[in-house]
Amino acid sequence: MYKSIGFFALCLALCVFVGVSQASDESPAFQRLDDMEKVVYGEVKSGGLISRLSDLEKSLFGRELPGTVAERQTAVVNFLEKGSDTQPSLLFKLAIAEWITEQRSQPSRPVTDRVRSLERKLEGEAMGEGPMAMRLERLLGLLITEPVRWENLSLAQGTVVRVALSRTISPSNVAVGDKVKGTLTTDLVIGTHLVAPKGSIAQGTVSKVSKPRSFGRPGEVSFVFDTLLPPSLGPVPLMVGEEAVKAAEAEKAQIAAAGGSLVGALLLGPVGLAGGFLVRGDVKEIPEGTIFHLEVGQQSSSLAYPVPEGLQSLIVPTEVVGAQNTEKPKSEVDSL
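Put into C-alpha coordinates, the structure is as follows:
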(Lines of atoms letter the chains of each structure in order from A and count residues from 1; the text may use other names and numbers.)
(Lines give C-alpha, C1' and ligand atoms only; values in the text may rest on other atoms or scores of the structure.)
Protein backbone atom coordinates (compact mmCIF):
# COMPACT_ATOMS: atom_id res chain seq x y z
CA MET A 1 0.00 0.00 0.00
CA TYR A 2 2.69 2.48 1.05
CA LYS A 3 4.73 1.56 -2.04
CA SER A 4 1.82 2.43 -4.35
CA ILE A 5 1.18 5.70 -2.48
CA GLY A 6 4.85 6.64 -2.80
CA PHE A 7 4.88 5.78 -6.51
CA PHE A 8 1.76 7.86 -7.17
CA ALA A 9 3.14 10.85 -5.23
CA LEU A 10 6.45 10.61 -7.08
CA CYS A 11 4.78 10.48 -10.50
CA LEU A 12 2.62 13.50 -9.63
CA ALA A 13 5.63 15.48 -8.44
CA LEU A 14 7.67 14.58 -11.52
CA CYS A 15 4.87 15.76 -13.81
CA VAL A 16 4.85 19.10 -11.98
CA PHE A 17 8.60 19.68 -12.04
CA VAL A 18 9.27 18.41 -15.57
CA GLY A 19 6.46 20.65 -16.79
CA VAL A 20 7.95 23.64 -15.02
CA SER A 21 11.42 23.00 -16.42
CA GLN A 22 10.19 22.63 -19.99
CA ALA A 23 8.17 25.82 -19.77
CA SER A 24 11.11 27.82 -18.43
CA ASP A 25 13.69 29.65 -20.54
CA GLU A 26 16.17 29.54 -17.67
CA SER A 27 19.14 27.20 -18.12
CA PRO A 28 21.03 26.77 -14.85
CA ALA A 29 24.82 26.65 -15.01
CA PHE A 30 26.37 23.20 -15.15
CA GLN A 31 28.26 23.83 -11.92
CA ARG A 32 24.96 23.38 -10.12
CA LEU A 33 25.46 19.66 -10.74
CA ASP A 34 28.38 19.71 -8.28
CA ASP A 35 26.15 21.35 -5.67
CA MET A 36 23.35 18.84 -6.17
CA GLU A 37 25.72 15.87 -5.91
CA LYS A 38 27.08 17.26 -2.63
CA VAL A 39 23.53 17.58 -1.30
CA VAL A 40 22.51 14.07 -2.37
CA TYR A 41 25.76 12.09 -1.98
CA GLY A 42 27.95 14.31 0.18
CA GLU A 43 30.60 14.52 -2.56
CA VAL A 44 31.14 15.46 -6.21
CA LYS A 45 31.16 12.44 -8.51
CA SER A 46 33.66 11.84 -11.31
CA GLY A 47 32.83 11.43 -15.00
CA GLY A 48 31.15 13.44 -17.72
CA LEU A 49 28.33 15.84 -17.00
CA ILE A 50 25.68 13.89 -18.91
CA SER A 51 26.47 10.55 -17.25
CA ARG A 52 26.59 12.22 -13.82
CA LEU A 53 23.23 13.88 -14.39
CA SER A 54 21.77 10.55 -15.50
CA ASP A 55 23.09 8.82 -12.36
CA LEU A 56 21.66 11.60 -10.18
CA GLU A 57 18.22 11.28 -11.81
CA LYS A 58 18.26 7.51 -11.31
CA SER A 59 19.25 7.95 -7.65
CA LEU A 60 16.36 10.34 -7.08
CA PHE A 61 13.65 9.06 -9.46
CA GLY A 62 14.74 5.63 -10.68
CA ARG A 63 14.98 6.80 -14.30
CA GLU A 64 16.24 9.56 -16.57
CA LEU A 65 13.99 12.56 -17.10
CA PRO A 66 12.84 13.68 -20.57
CA GLY A 67 14.00 16.88 -22.23
CA THR A 68 17.27 18.61 -22.98
CA VAL A 69 20.17 18.46 -20.54
CA ALA A 70 19.39 22.01 -19.36
CA GLU A 71 15.69 21.15 -18.85
CA ARG A 72 16.55 17.97 -16.98
CA GLN A 73 18.95 19.80 -14.69
CA THR A 74 16.35 22.49 -14.00
CA ALA A 75 13.78 19.82 -13.13
CA VAL A 76 16.20 18.17 -10.69
CA VAL A 77 17.01 21.49 -8.99
CA ASN A 78 13.31 22.33 -8.72
CA PHE A 79 12.42 18.92 -7.31
CA LEU A 80 15.33 18.76 -4.87
CA GLU A 81 15.54 22.35 -3.60
CA LYS A 82 12.95 24.80 -4.90
CA GLY A 83 9.63 22.95 -5.04
CA SER A 84 6.51 24.54 -6.50
CA ASP A 85 3.30 26.14 -5.21
CA THR A 86 1.64 22.75 -4.89
CA GLN A 87 4.64 20.47 -4.23
CA PRO A 88 7.19 21.10 -1.46
CA SER A 89 10.78 20.28 -2.33
CA LEU A 90 12.35 16.94 -1.42
CA LEU A 91 14.64 18.69 1.10
CA PHE A 92 11.62 20.28 2.79
CA LYS A 93 9.76 16.94 3.01
CA LEU A 94 12.89 15.23 4.31
CA ALA A 95 13.33 17.84 7.06
CA ILE A 96 9.68 17.40 8.11
CA ALA A 97 10.07 13.60 8.21
CA GLU A 98 13.15 14.01 10.44
CA TRP A 99 11.36 16.49 12.69
CA ILE A 100 8.39 14.16 13.18
CA THR A 101 10.70 11.21 13.89
CA GLU A 102 13.55 12.84 15.83
CA GLN A 103 12.33 16.38 16.66
CA ARG A 104 15.26 17.83 14.76
CA SER A 105 16.61 18.06 11.21
CA GLN A 106 20.02 17.04 9.83
CA PRO A 107 20.58 19.40 6.86
CA SER A 108 24.39 19.06 6.92
CA ARG A 109 24.21 15.34 6.08
CA PRO A 110 23.71 14.07 2.51
CA VAL A 111 20.24 12.99 1.42
CA THR A 112 21.31 9.37 1.00
CA ASP A 113 22.44 9.14 4.64
CA ARG A 114 19.38 10.96 5.94
CA VAL A 115 16.94 8.63 4.16
CA ARG A 116 18.83 5.52 5.32
CA SER A 117 18.83 6.83 8.91
CA LEU A 118 15.05 7.33 8.82
CA GLU A 119 14.54 3.85 7.38
CA ARG A 120 16.56 2.30 10.19
CA LYS A 121 14.57 4.19 12.81
CA LEU A 122 11.15 3.49 11.31
CA GLU A 123 11.60 0.12 9.61
CA GLY A 124 14.54 -1.47 11.42
CA GLU A 125 16.93 -1.44 8.47
CA ALA A 126 18.00 0.69 5.52
CA MET A 127 16.37 -0.46 2.30
CA GLY A 128 19.52 0.15 0.25
CA GLU A 129 17.74 0.17 -3.11
CA GLY A 130 15.09 2.19 -4.88
CA PRO A 131 14.89 5.88 -5.79
CA MET A 132 15.30 8.30 -2.90
CA ALA A 133 12.11 10.18 -3.71
CA MET A 134 9.95 7.05 -3.54
CA ARG A 135 11.64 5.85 -0.35
CA LEU A 136 10.96 9.20 1.30
CA GLU A 137 7.29 9.15 0.24
CA ARG A 138 6.99 5.65 1.72
CA LEU A 139 8.44 6.87 5.02
CA LEU A 140 6.09 9.84 5.10
CA GLY A 141 3.22 7.43 4.49
CA LEU A 142 4.25 5.58 7.65
CA LEU A 143 4.34 8.81 9.67
CA ILE A 144 1.34 10.87 8.53
CA THR A 145 -1.88 10.35 6.61
CA GLU A 146 -1.94 13.71 4.78
CA PRO A 147 0.66 14.88 2.23
CA VAL A 148 3.27 17.36 3.44
CA ARG A 149 2.27 20.90 2.47
CA TRP A 150 3.88 24.28 2.81
CA GLU A 151 2.34 27.71 3.20
CA ASN A 152 3.77 31.18 2.88
CA LEU A 153 4.21 32.80 6.27
CA SER A 154 5.31 36.25 7.42
CA LEU A 155 8.19 36.46 9.90
CA ALA A 156 8.20 39.62 11.98
CA GLN A 157 11.38 41.60 12.45
CA GLY A 158 12.78 40.90 15.92
CA THR A 159 11.71 37.23 16.04
CA VAL A 160 14.43 35.64 18.20
CA VAL A 161 16.35 32.46 17.38
CA ARG A 162 18.90 30.62 19.50
CA VAL A 163 21.96 29.23 17.71
CA ALA A 164 24.79 26.90 18.79
CA LEU A 165 28.18 27.31 17.10
CA SER A 166 29.08 24.30 14.93
CA ARG A 167 32.87 24.62 15.02
CA THR A 168 35.39 26.14 17.44
CA ILE A 169 36.58 29.60 16.35
CA SER A 170 39.95 31.12 17.22
CA PRO A 171 42.36 33.58 15.54
CA SER A 172 44.55 30.62 14.59
CA ASN A 173 41.97 28.57 12.68
CA VAL A 174 39.97 31.11 10.65
CA ALA A 175 40.66 33.73 7.99
CA VAL A 176 38.71 36.70 6.65
CA GLY A 177 35.89 35.43 4.43
CA ASP A 178 35.61 32.02 6.11
CA LYS A 179 32.08 30.78 6.70
CA VAL A 180 30.76 30.49 10.25
CA LYS A 181 27.98 27.98 10.87
CA GLY A 182 25.63 27.25 13.71
CA THR A 183 22.45 25.25 14.24
CA LEU A 184 19.13 26.14 15.82
CA THR A 185 18.81 24.76 19.34
CA THR A 186 15.00 25.06 19.28
CA ASP A 187 12.27 24.95 16.64
CA LEU A 188 11.35 28.25 15.00
CA VAL A 189 7.56 28.12 15.16
CA ILE A 190 4.97 30.81 14.42
CA GLY A 191 1.64 29.71 15.87
CA THR A 192 1.27 26.15 14.61
CA HIS A 193 3.49 26.67 11.56
CA LEU A 194 6.99 25.17 11.64
CA VAL A 195 9.39 27.51 9.84
CA ALA A 196 12.66 25.80 10.77
CA PRO A 197 13.15 22.75 13.00
CA LYS A 198 15.89 22.36 15.55
CA GLY A 199 19.14 21.63 13.70
CA SER A 200 18.48 24.08 10.84
CA ILE A 201 21.59 25.98 9.76
CA ALA A 202 22.49 29.58 10.53
CA GLN A 203 25.50 30.90 8.69
CA GLY A 204 27.69 33.94 8.48
CA THR A 205 31.17 35.21 7.68
CA VAL A 206 34.41 36.11 9.42
CA SER A 207 34.98 39.83 8.75
CA LYS A 208 38.27 40.49 10.56
CA VAL A 209 41.14 38.44 11.98
CA SER A 210 44.09 39.70 13.99
CA LYS A 211 46.63 36.97 14.67
CA PRO A 212 48.45 36.86 18.00
CA ARG A 213 51.41 39.23 17.83
CA SER A 214 54.72 39.75 19.57
CA PHE A 215 55.07 40.90 23.19
CA GLY A 216 52.01 38.87 24.18
CA ARG A 217 49.52 40.95 22.21
CA PRO A 218 46.50 38.66 21.70
CA GLY A 219 44.60 38.04 18.48
CA GLU A 220 40.96 38.85 17.80
CA VAL A 221 38.24 37.59 15.46
CA SER A 222 35.15 39.49 14.30
CA PHE A 223 32.30 37.56 12.70
CA VAL A 224 28.61 37.81 11.97
CA PHE A 225 25.68 35.41 11.70
CA ASP A 226 23.54 36.93 8.97
CA THR A 227 21.36 34.17 7.49
CA LEU A 228 19.10 31.35 8.63
CA LEU A 229 18.42 28.57 6.11
CA PRO A 230 15.07 26.90 6.82
CA PRO A 231 14.14 23.67 5.00
CA SER A 232 12.52 25.69 2.20
CA LEU A 233 15.99 27.23 1.62
CA GLY A 234 14.50 30.72 1.37
CA PRO A 235 17.15 32.65 3.36
CA VAL A 236 15.98 34.57 6.44
CA PRO A 237 18.15 37.59 7.40
CA LEU A 238 19.59 37.54 10.91
CA MET A 239 21.20 40.18 13.10
CA VAL A 240 21.81 41.14 16.72
CA GLY A 241 19.26 43.64 17.97
CA GLU A 242 17.37 44.64 21.09
CA GLU A 243 15.20 41.53 21.15
CA ALA A 244 18.24 39.24 20.88
CA VAL A 245 19.99 41.10 23.68
CA LYS A 246 16.89 40.88 25.90
CA ALA A 247 16.60 37.14 25.25
CA ALA A 248 20.27 36.55 26.07
CA GLU A 249 20.10 38.56 29.27
CA ALA A 250 16.87 36.81 30.33
CA GLU A 251 18.44 33.40 29.80
CA LYS A 252 21.56 34.42 31.70
CA ALA A 253 19.39 35.60 34.61
CA GLN A 254 17.35 32.39 34.53
CA ILE A 255 20.50 30.26 34.68
CA ALA A 256 21.92 32.32 37.53
CA ALA A 257 18.66 32.06 39.46
CA ALA A 258 18.76 28.30 39.06
CA GLY A 259 22.28 28.22 40.49
CA GLY A 260 23.96 27.11 37.29
CA SER A 261 25.82 28.49 34.30
CA LEU A 262 25.80 27.82 30.58
CA VAL A 263 28.70 26.22 28.77
CA GLY A 264 29.69 28.64 26.03
CA ALA A 265 28.92 32.31 25.60
CA LEU A 266 25.84 34.43 25.95
CA LEU A 267 25.60 37.75 24.20
CA LEU A 268 26.65 40.56 26.54
CA GLY A 269 26.83 44.32 26.32
CA PRO A 270 25.13 46.82 23.99
CA VAL A 271 23.28 46.10 20.76
CA GLY A 272 25.72 44.99 18.08
CA LEU A 273 26.48 46.84 14.88
CA ALA A 274 25.20 44.83 11.89
CA GLY A 275 24.72 41.82 14.14
CA GLY A 276 28.42 41.11 14.65
CA PHE A 277 30.40 39.40 17.40
CA LEU A 278 33.95 39.87 18.61
CA VAL A 279 36.22 37.19 20.03
CA ARG A 280 37.96 39.38 22.59
CA GLY A 281 41.72 39.53 22.73
CA ASP A 282 41.89 37.78 26.10
CA VAL A 283 39.79 34.86 24.86
CA LYS A 284 41.76 32.19 23.03
CA GLU A 285 38.80 30.53 21.36
CA ILE A 286 35.01 30.25 21.18
CA PRO A 287 34.25 26.54 21.53
CA GLU A 288 31.85 24.48 19.50
CA GLY A 289 28.41 24.62 21.10
CA THR A 290 28.70 28.25 22.19
CA ILE A 291 25.23 29.83 22.29
CA PHE A 292 24.24 33.00 20.42
CA HIS A 293 20.92 34.82 20.43
CA LEU A 294 19.96 36.43 17.14
CA GLU A 295 16.83 37.87 15.62
CA VAL A 296 15.16 38.20 12.23
CA GLY A 297 16.69 41.34 10.77
CA GLN A 298 13.73 42.52 8.73
CA GLN A 299 10.17 41.57 7.90
CA SER A 300 10.50 38.39 5.84
CA SER A 301 8.41 35.67 4.27
CA SER A 302 9.14 31.97 4.48
CA LEU A 303 7.48 28.73 3.45
CA ALA A 304 6.44 26.85 6.57
CA TYR A 305 4.87 23.51 7.47
CA PRO A 306 1.30 23.84 8.83
CA VAL A 307 1.58 21.26 11.61
CA PRO A 308 -1.54 19.03 11.71
CA GLU A 309 -3.47 18.94 14.96
CA GLY A 310 -2.32 15.41 15.72
CA LEU A 311 1.34 16.49 15.63
CA GLN A 312 1.12 19.80 17.45
CA SER A 313 2.25 18.21 20.70
CA LEU A 314 5.70 17.94 19.05
CA ILE A 315 6.07 21.71 18.87
CA VAL A 316 8.69 22.93 21.34
CA PRO A 317 9.37 26.58 20.47
CA THR A 318 11.48 27.37 23.53
CA GLU A 319 14.19 25.55 25.43
CA VAL A 320 13.86 25.16 29.19
CA VAL A 321 17.10 26.05 30.94
CA GLY A 322 17.68 24.25 34.22
CA ALA A 323 20.29 24.08 36.92
CA GLN A 324 21.68 20.73 35.84
CA ASN A 325 24.51 22.36 33.87
CA THR A 326 26.92 23.81 36.38
CA GLU A 327 30.09 24.07 34.28
CA LYS A 328 31.77 27.41 34.18
CA PRO A 329 31.42 29.23 30.83
CA LYS A 330 34.44 28.66 28.65
CA SER A 331 34.40 32.03 26.91
CA GLU A 332 32.59 35.29 26.46
CA VAL A 333 31.59 37.11 23.30
CA ASP A 334 31.04 40.81 22.93
CA SER A 335 28.65 42.34 20.40
CA LEU A 336 30.49 44.64 18.04
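Mind the numbering: the sequence shown is residues -23 to -1, 1 to 313 in mature numbering (1 follows the signal peptide of the UniProt record, and there is no 0), read in order.
From the three backbone atoms N, C-alpha and C, an ideal C-beta is built for every residue, glycine too.
Model, not experiment: these values are computed from the prediction.
In the three-state reduction of the DSSP assignment, Ser131 falls in the strand class. Taking a C-beta distance under 9 Å as the contact criterion, Met216 and Leu132 do not qualify as a contact pair. Residue pairing for Val138: DSSP places it in a beta bridge opposite Leu271. For Gln180, the pairing in a beta bridge is given by DSSP as Lys158 and Thr204. With a 10 Å radius around the Cβ and a threshold of 16 neighbouring Cβ atoms, Glu100 comes out exposed. Taking all protein chains in view, the Cβ of Gly24 is surrounded by fewer than 16 other Cβ atoms within 10 Å, so the residue is classified as exposed.
Counting only the Cα atoms, Val157 lies some 7 Å from Val183. When DSSP reads this structure, Pro283 sits in a beta bridge with His170.
Taking the C-beta atoms as reference points, Leu67 is found nearer than 9 Å to Leu113. In this structure Val125 is in contact with Ile73, their Cβ atoms being roughly 5 Å apart against a cut-off of 8 Å. By the beta-carbon neighbour count (other beta carbons within 10 angstroms, threshold 16), Glu96 is buried.
Contact between the segment 82 to 90 and the segment 6 to 21 is present, with at least three C-beta pairs closer than 8 Å. For the pair Val284 and Val166, the CB atoms are nearer than the 9 Å cut-off.
Sequence-distant partners of Pro212 (beyond 5 residues in either direction) whose C-beta falls short of 8 Å from its own C-beta, in its chain, are Thr204, Leu205 and Leu206. For Val186, the closest of Val198, Leu142 and Arg115 by C-alpha to C-alpha distance is Val198. Between the segment 28 to 41 and the segment 8 to 17, the count of Cβ pairs shorter than 8 Å is three or higher; the stretches touch. Shown here, Lys70 sits in a helix according to DSSP, grouped into three states.
Beta bridge pairing from DSSP links Phe56 with no other residue. The Cβ-Cβ distance between Met104 and Gly39 does not fall below 9 Å. Of Ser278, Thr45 and Lys223, the smallest CA-CA separation from His170 is found for Ser278.
Within the same chain, and ignoring the five residues on either side of Gln289 in sequence, the residues whose Cβ sits closer than 6 Å to its Cβ are Thr169.
By alpha-carbon distance to Val201, the top candidate from Gln64, Val293, Gly218 and Ser36 is Gly218. With fewer than 16 neighbouring CB atoms inside 10 Å of its own CB, Glu106 falls in the exposed class. Burial state of Asp164 is buried, judged by a 10 Å Cβ sphere holding 16 or more other Cβ atoms. Assigned with DSSP and collapsed to three states, Leu291 falls in helix. A straight line joining the alpha-carbon of Leu42 with that of Arg9 spans about 17 Å.
Between Ser143 and Ser94, the CB-CB gap reaches or exceeds 9 Å. Shown here, Ser31 sits in a helix according to DSSP, grouped into three states.
Closest in alpha carbon position to Lys70, among Gln134, Pro174 and Thr51, is Pro174.
Of the residues Gln134, Pro148, Leu280 and Glu79, the one whose Cα lies closest to the Cα of Lys261 is Pro148. When Gly287, Glu75 and Met109 are compared, the shortest CA-CA separation from Lys35 is found for Met109. The C-alpha of Gln83 lies about 33 Å from the C-alpha of Thr45.
Nearest to Gln276 by alpha-carbon distance, out of Val54, Glu102 and Gln134, is Gln134. Bridge partners of Lys175 according to DSSP: none are assigned. When C-alpha distances from Pro65 are compared across Gly154, Thr136, Glu128 and Val293, the shortest belongs to Glu128.
Distance from Val140 to Phe269 at the Cβ level is roughly 5 Å; contact confirmed, criterion being Cβ atoms closer than 8 Å.
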